[in-house]
Every structure is written in C-alpha cells, then in structure tokens.
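Report on the following structure.
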C-alpha cells in the first residue's frame with residue numbers, strides 16, 4: 001500500500017484547493033505568534049537552566065550575621081578560601097551583624113534563590129529565636145534551605161578557681177542547698193549560654209539568676225571579678241583561663257568528651273542526663289535555590305571539612321567539623337526546635 005492509495009481524499013483536496021491571500025495572511029500570523037510564544041518560553045526557562053548548568057556565573061557571597069572574628073566568621077573565611085578555586089569564582093564573606101544574628105539571617109531568607117547567596121548562622125537565629133521572638137520577621141524553616149552542618153563548639157561550665165567547687169555535682173548540690181543564692185552569666189538573652197543553663201536548671205530542679213553580658217569574654221570576666229558564680233559558654237573563652245589556673249572547668253555540654261579537652265567530663269558523667277547542648281553553625285541558602293546547586297555546595301563543603309589542615313585549624317578554635325547531607329541537617333533543625341521551644345517558654349525569656 002502506497003501514499004497515493006492510502007490518502008486519496010487528502011491528496012485530492014490539497015491539489016484542488018487554492019489558498020486565498022487572506023488565508024495566507026492568517027497562516028503567517030499564526031506562525032509568527034507561535035514563534036513569539038516559543039521564544040518567550042525559552043526566555044523564561046533560560047535563567048533556571050543556566051543557573052543549574054553553569055553555576056556560578058559570578059562571585060558567590062556567604063553572609064555572616066555576626067561581626068568579624070566571631071566563630072561563624074572564622075569558619076566562613078576558611079570555607080571561602082577553599083571554595084574559591086573549587087567553584088571557579090570568588091567566594092566573598094559579608095558580615096551583617098545586628099539583632100543577635102537576626103539581621104543577616106533574615107536578609108538571606110529574603111535574598112534571591114539564584115545560588116549566589118549563602119549563609120552561615122547559628123542556634124539562635126535558625127532555631128531558638130523562633131520561640132523567643134514573636135516578631136522575628138522571617139521564618140527560617142520556610143524561607144531558608146539547609147545545605148550542610150558546618151561545625152560545632154562545646155560549651156564549658158566553669159567557676160572561679162577559688163570557689164571551692166570542683167565538679168558539676170558539687171555545683172548542683174550547692175544550688176540545691178542554697179536556692180536563690182547563685183547567679184550565672186551569658187552572652188545574651190536567648191543565647192545558648194543562657195538557654196543551656198535553663199536546660200540544666202530544668203533537668204536538676206535548681207534555680208539561678210540569669211545576668212546577660214554582651215560577649216563571651218565579658219561573661220568570663222564577670223566570673224573572675226566575682227560578679228557571678230558560674231557560666232556555660234563556648235570553650236574558646238573558657239579554656240585559656242582554665243589553663244592559667246583562674247577557672248575550674250566542671251563539664252562540657254556535649255554528649256561525649258571533647259577530643260580537644262579530654263580531661264573535662266560530660267554532663268551525663270556528672271550525673272545530669274539529657275542536658276546536652278552545643279553551639280553549632282549551619283550553612284543555609286534561600287529557599288528555592290536549585291537542588292543541583294545545594295547538592296554541589298554540600299559536596300564541596302563536605303570534602304573541605306575532611307581536609308586534615310582545615311580540621312587542625314578549626315581545632316585551634318575548639319571547633320569540631322560537621323558535614324553530612326542537607327536532609328540530615330533539616331531533621332537536626334526540626335529536633336532542635338522541639339527541644340528548645342519548651343525550654344524557652346519555661347525560662348520566660350522574650351525578645352521583641
């Protein structure tokens with residue numbers, strides 16, 4: 001069977017019908033309209049395709065919601081140094097301090113999700129402040145996408161060396177004997193150094209008055225001067241004073257002893273289960289950032305964090321490298337919110 005016998009009617013119609021000028025014009029208009037629609041579709045698709053396939057197209061920015069020299073700042077600059085040759089574009093660090101980390105974190109939550117803006121933020125702006133601040137101005141769980149856990153830093157609970165207290169058990173016993181006598185310093189309302197002690201109080205049924213200070217060094221100075229009795233703040237602020245013989249380190253806040261200070265026992269070893277906490281840093285992106293870009297950044301950062309010299313440099317700041325998948329970080333953030341929301345409510349702390 002051939003074309004002539006298969007479609008005789010169609011061939012006859014086509015050969016016998018003459019197209020009018022008006023019909024020709026309609027055909028041309030339909031063809032032109034189709035071309036315009038196709039071009040528009042390509043134009044709309046091109047940015048996403050280019051972002052996923054050719055990223056990065058310009059310098060990549062990592063926003064730090066704290067000042068220069070802070071732990072997240074130090075961490076981000078190490079990352080930027082190694083990411084630049086890997087990505088083929090400069091990776092720049094921008095400090096946007098203010099509002100306890102909320103200013104810079106919120107700015108990234110509202111940034112364009114084009115893969116050229118990332119964030120390194122911490123416990124407060126990413127989790128605690130959701131429960132602490134009813135006017136936060138952004139939703140980290142909806143407006144930010146997890147990329148990878150960056151690293152963590154143990155808090156160390158410490159007292160003055162001449163206090164007569166040598167262990168966390170002794171501190172808890174003293175607080176029980178004399179309720180209302182003890183106070184503690186922190187680096188601010190809602191900080192981990194504040195809420196970590198609130199968790200300790202909840203687990204032990206004790207009480208101590210909270211006195212906030214603007215920084216870890218100031219919180220430690222308040223102990224040395226005798227203004228407060230104890231503090232649980234990042235190790236980098238405590239251990240130099242411990243080594244100098246001015247403070248006694250009572251316990252680390254992490255589930256296991258830190259390899260960076262193996263002589264300091266854990267809370268659990270001190271008879272206080274379920275009081276673990278740590279200061280962590282997470283790499284995030286604006287929600288809607290293409291999945292291929294998030295996966296690439298996750299892969300690159302994991303490889304960087306495995307490098308021995310990077311691990312050594314982080315150890316100098318009492319930081320332990322993180323890593324893992326974006327999904328693992330998402331689950332971790334959800335668990336943190338479940339843990340800390342009741343602690344925030346129990347403390348009565350608010351920021352507005």
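Numbering (the UniProt record's numbering), first residue to last: 1 to 352. Idealized CB from N, CA, C, for every residue including glycine.
Within the DSSP bridge table, the entry for residue 205 names no partner.
In the structure shown, the three-state DSSP call for residue 210 is strand. The beta carbon of residue 169 sits closer than 7 Å to the beta carbons of 270 and 271 from its chain, once the five residues preceding and following it are set aside; these are given in chain order.
The DSSP assignment places complete alpha helix (DSSP H) segments of no fewer than 4 residues inside the region 282-319 at 291-305 and 308-315, in order along the chain.
DSSP places residue 133 in the coil class of the three-state scheme, outside both helix and strand.
When the Cα atoms are used, residue 160 and residue 167 turn out to be separated by approximately 12 Å. Put simply, of 342, 331, 129 and 56 the residue whose alpha carbon is nearest the alpha carbon of residue 84 is 56. In the displayed model, residue 123 falls within a helix according to three-state DSSP. With fewer than three CB-CB distances shorter than 8 Å, the region 145-152 does not count as touching the region 211-226. Across the structure, residue 325 and residue 78 are spaced so that their CA atoms are roughly 20 Å apart.
Taken through DSSP and simplified to helix, strand or coil, residue 328 comes out as helix. Comparing alpha-carbon positions, the option among 329, 245, 135 and 258 lying closest to residue 234 turns out to be 258.
Around residue 322, the same chain offers 149, 150 and 151 as residues with beta carbons nearer than 6 Å, after the five sequence neighbours per side are excluded.
Following the DSSP letters along the chain, one finds residue 153 inside the beta strand (DSSP E) bounded by residues 144-160. Annotated as distal: residue 122 and residue 63, with beta-carbon spacing of 8 Å or more. If you check the CB distance, residue 317 and residue 236 come in under 8 Å. Sequence-distant partners of residue 91 (beyond 5 residues in either direction) whose C-beta falls short of 6 Å from its own C-beta, in its chain, are 60, 80, 83 and 84. By the neighbour-count criterion, in which 16 or more other beta carbons inside 10 Å mark a residue as buried, residue 73 falls on the buried side. By the CB criterion at 8 Å, residue 157 and residue 75 fall outside the cutoff. Setting aside the 5 residues that flank it on each side, residue 255 is surrounded in the same chain by 276, each with a C-beta closer than 6 Å to its C-beta; the list follows chain order. In the DSSP annotation of this structure, the continuous segment of the beta strand (DSSP E) that includes residue 62 starts and ends at 60-64. Looking at the DSSP output, residue 280 sits in a beta bridge with 152. Judged by DSSP in its simplified three-state form, residue 182 adopts coil rather than helix or strand.
The alpha-carbon separation between residue 112 and residue 283 amounts to approximately 16 Å. The alpha carbon of residue 201 has as its nearest neighbour, out of 262, 183, 114 and 188, the alpha carbon of 183.
Using a Cβ-Cβ distance cut-off of 8 Å, the region 329-348 and the region 89-105 are not in contact, since fewer than three pairs of beta carbons, one from each stretch, lie closer than that value. In the three-state scheme derived from DSSP, where H, G and I count as helix and E and B as strand, residue 323 is classed as strand. In its chain, beyond the 5 residues on either side, 187 have a beta carbon closer than 7 Å to the beta carbon of residue 215. Check the Cα spacing between residue 204 and each of 222, 173 and 226: the tightest is with 173. A distance below 8 Å separates the beta carbons of residue 253 and residue 154. In the structure shown, residue 265 adopts coil according to DSSP, grouped into three states.
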